[in-house]
Amino acid sequence: MLASLLTTILGTLAGTGGGLVLLATMAMVFPPAILVPVHTVVQLAVGTSRAVIMWRYILRATVLPFLIGSAIGASVGAQIFISLPGGLLQGAIGLFILLLVWLPRFTRLGPEKHRFAALGFVATFLGMFVSATGTLVAPFVASASPDRRNHSATLSVLMAVVHTMKLIAFGLLGVGVAAYTPLIVGMIGTAVLGSWVGLKLLHRMSERVFRIIFQVLVTCLAVRLLWVGAVETGIF
0 MLASLLTTIL
10 GTLAGTGGGL
20 VLLATMAMVF
30 PPAILVPVHT
40 VVQLAVGTSR
50 AVIMWRYILR
60 ATVLPFLIGS
70 AIGASVGAQI
80 FISLPGGLLQ
90 GAIGLFILLL
100 VWLPRFTRLG
110 PEKHRFAALG
120 FVATFLGMFV
130 SATGTLVAPF
140 VASASPDRRN
150 HSATLSVLMA
160 VVHTMKLIAF
170 GLLGVGVAAY
180 TPLIVGMIGT
190 AVLGSWVGLK
200 LLHRMSERVF
210 RIIFQVLVTC
220 LAVRLLWVGA
230 VETGIF
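One point on numbering: in numbering that gives the first Met the number 0, the residue at position 81 of the sequence shown is 80, and numbering is uninterrupted.
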């Protein structure tokens with residue numbers, strides 16, 4: 000529960016990363032088969048609470064296209080759940096994120112609604128296998144956001160969409176998390192508190208500091224994904 004609190008604050012302040020850090024922490028406790036569904040439930044609470052608290056900052060034009068793409072991504076991903084190599088996927092995502100962060104013009108290609116529809120599909124499809132895809136979505140949101148609060152609020156609602164679609168797909172696949180209900184409820188409570196604390200701190204942070212922290216953290220997370228992917232595929 001402490002991990003849920005701290006990673007939610009981190010995700011609010013840095014614009015991304017909280018979900019991935021929480022996933023790494025939970026991997027030390029939960030069995031692999033249940034890790035992604037439980038992490039998805041908790042992250043849905045994180046995204047929803049932050050989106051509710053920061054609703055006035057959401058870039059609403061991005062939500063509907065992303066929702067449509069996400070629904071399609073979940074339905075396709077559910078058809079081949081667990082049949083793709085996780086290491087290869089993580090390495091590819093890490094490489095793609097580095098490209099987006101350091102060559103940001105790629106995050107502005109094409110009309111915004113088409114861009115976010117495609118992003119919703121890719122993020123939800125990949126999220127069926129590697130769970131924490133917020134780091135992939137974040138560079139696109141950063142590019143579209145004039146302010147750090149727009150970034151945090153919009154990323155939260157888009158990731159809430161991803162997690163909702165994944166939970167629907169997991170439910171149809173018969174993946175249950177009922178045995179972990181007490182722990183999940185506790186983690187949700189601390190996540191809501193973390194969203195509130197994070198927002199208070201975000202208001203005090205300058206835009207320049209936010210952008211620097213975001214770029215450094217996303218780069219580190221992308222390099223980590225590349226490393227994990229290389230290890231799991233036997234390159235190292």
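From the three backbone atoms N, C-alpha and C, an ideal C-beta is built for every residue, glycine too.
Between the CA atoms of residue j and residue i - distance to the nearest angstrom
| i | j | result |
| --- | --- | --- |
| residue 87 | residue 232 | 6 Å |
| residue 26 | residue 223 | 15 Å |
| residue 220 | residue 134 | 8 Å |
| residue 127 | residue 196 | 30 Å |
| residue 12 | residue 28 | 26 Å |
| residue 227 | residue 4 | 25 Å |
| residue 155 | residue 183 | 19 Å |
| residue 239 | residue 73 | Residue 239 lies beyond the residue range present for the chain, which begins at 0 and ends at 235; the question has no answer from this structure. |
| residue 93 | residue 230 | 13 Å |
| residue 34 | residue 40 | 10 Å |
| residue 137 | residue 179 | 29 Å |
| residue 214 | residue 100 | 7 Å |
| residue 208 | residue 147 | 10 Å |
| residue 97 | residue 122 | 16 Å |
| residue 181 | residue 109 | 45 Å |
| residue 78 | residue 114 | 24 Å |
| residue 69 | residue 202 | 30 Å |
| residue 112 | residue 9 | 29 Å |
| residue 65 | residue 120 | 7 Å |
Contacting residues, own chain, Cβ-Cβ under 7 Å from residue i (five flanking each side not counted)
| i | result |
| --- | --- |
| residue 75 | 124 |
| residue 48 | 190, 191 and 194 |
| residue 216 | 13, 15 and 16 |
Own chain residues within Cβ distance below 6 Å of residue i, not counting five before or after
| i | result |
| --- | --- |
| residue 169 | 36 |
| residue 67 | 116 |
| residue 103 | 142 |
| residue 139 | 106 and 118 |
| residue 6 | 17, 20 and 21 |
| residue 95 | none |
Cβ distance (whole Å) where residue i is taken to contact residue j below 8 Å
| i | j | result |
| --- | --- | --- |
| residue 152 | residue 57 | 5 Å |
| residue 53 | residue 198 | 6 Å |
Delimiting residues of the alpha helix (DSSP H) encompassing residue i
| i | result |
| --- | --- |
| residue 215 | 206-231 |
| residue 30 | Where residue 30 is concerned, there is no enclosing alpha helix (DSSP H), given that its DSSP letter is neither H nor E. |
| residue 234 | No alpha helix (DSSP H) holds residue 234; DSSP gives it neither H nor E. |
| residue 69 | 62-78 |
| residue 193 | 180-203 |
| residue 138 | 133-143 |
| residue 8 | 1-13 |
Sequence-distant residues of the same chain with beta carbon closer than 8 Å to residue i, five excluded per side
| i | result |
| --- | --- |
| residue 159 | 43, 46, 47 and 50 |
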